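In short: position in the sequence shown from 1, add 4, done, that's our numbering.
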Amino acid sequence: MTVQRHENLDALLTSLLIWIGSHSAFDISRVPMPAVIEMTPLQITRQVHRLAGRRAVPAQADARLFGAYDPAAGAHGTIYVVQAVLAPFADDYPDRLANPYFHERVLHELVHHVQKHTDALTRLPCAAAAEHDAYRLAGIFIRERQLRDPIAHRPSLLRMLQGC
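So this is what it looks like as structure tokens:
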């Protein structure tokens with residue numbers, strides 16, 4: 005799979021990385037930029053299964069999955085995300101990369117990238133704690149923009165992810 009750099013996507017990553025640094029205790033000063041690959045929902049589903057080490061290849065997309073992070077792919081890790089044109093309210097944004105709902109999805113995976121490159125993963129008690137950080141920060145991002153949260157059950161999800 006060829007990764008093409010997109011100037012606006014690089015600007016989005018930089019902006020989101022700075023946002024993460026200003027809304028968390030993560031030191032982003034030495035975090036390199038990941039690659040980002042947009043995929044179809046079925047491709048994302050298959051990527052998540054591959055990363056989890058599952059042998060079965062799903063025939064249908066899992067509508068609950070919007071992204072994945074692979075720390076071993078690319079020079080500094082790769083974010084896989086469902087295509088921006090498929091993000092909520094995509095039709096309202098002529099520039100596909102201007103949609104804050106797409107930003108929220110990229111931000112969630114970027115949090116995992118930051119966790120990896122700041123060694124935060126080694127200090128977390130369990131995998132659920134890593135997801136808690138990502139869902140919590142993405143929720144703050146959505147609330148700051150006064151948008152409807154695409155994950156209606158985010159508060160209960162955060163409570164569930166707190167317990168390791």
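Note that beta-carbon positions come from the ideal geometry of N, C-alpha and C, so glycine has one too.
Computed from a predicted structure; not experimentally measured.
Burial state of residue i (16 or more Cβ within 10 Å)
i           : result
residue 143 : buried
residue 136 : buried
residue 72  : buried
residue 119 : buried
residue 7   : Because residue 7 carries a pLDDT of 45, less than 50, the predicted location of this residue cannot be relied on, and the following value inherits that uncertainty. Burial call: exposed.
residue 60  : exposed
residue 5   : Any reading at residue 5 is ruled out, since the residue's pLDDT is 49, under 50, leaving its predicted position unreliable.
residue 51  : buried
residue 39  : buried
residue 163 : exposed
residue 134 : buried
residue 138 : buried
Endpoints, alpha helix (DSSP H) assigned at residue i
i           : result
residue 52  : 45 to 55
residue 2   : No answer is possible for residue 2: it lies beyond the span of the chain, which begins at 5 and ends at 168.
residue 37  : Unbroken run through residue 37: none, as it is neither H nor E.
residue 105 : 104 to 121
residue 166 : 158 to 166
For residue i, the first and last residue of its enclosing beta strand (DSSP E)
i          : result
residue 83 : 82 to 86
residue 73 : 71 to 74
Beta-carbon proximity of residue i to residue j, cut-off 8 angstroms
i           : j           : result
residue 48  : residue 70  : yes
residue 37  : residue 87  : no
residue 161 : residue 104 : no
residue 32  : residue 20  : no
residue 92  : residue 159 : no
residue 68  : residue 85  : no
Whole-Å CB distance - residue i paired with residue j, under 8 angstroms assumed
i           : j           : result
residue 83  : residue 55  : Not quite, the Cβ-Cβ distance comes to about 12 angstroms (not below 8 angstroms), so this is no contact.
residue 111 : residue 141 : 7 angstroms
residue 30  : residue 126 : The Cβ separation is near 14 angstroms, so there is no contact.
Reference residue i; option with closest CA among the options
i           : options           : result
residue 15  : 107, 27, 130      : 107
residue 45  : 90, 101, 100      : 90
residue 167 : 148, 93, 131, 157 : 131
residue 78  : 117, 26, 12, 93   : 117
residue 57  : 74, 34, 129       : 74
residue 35  : 129, 149, 124     : 124
residue 149 : 23, 12, 99        : 23
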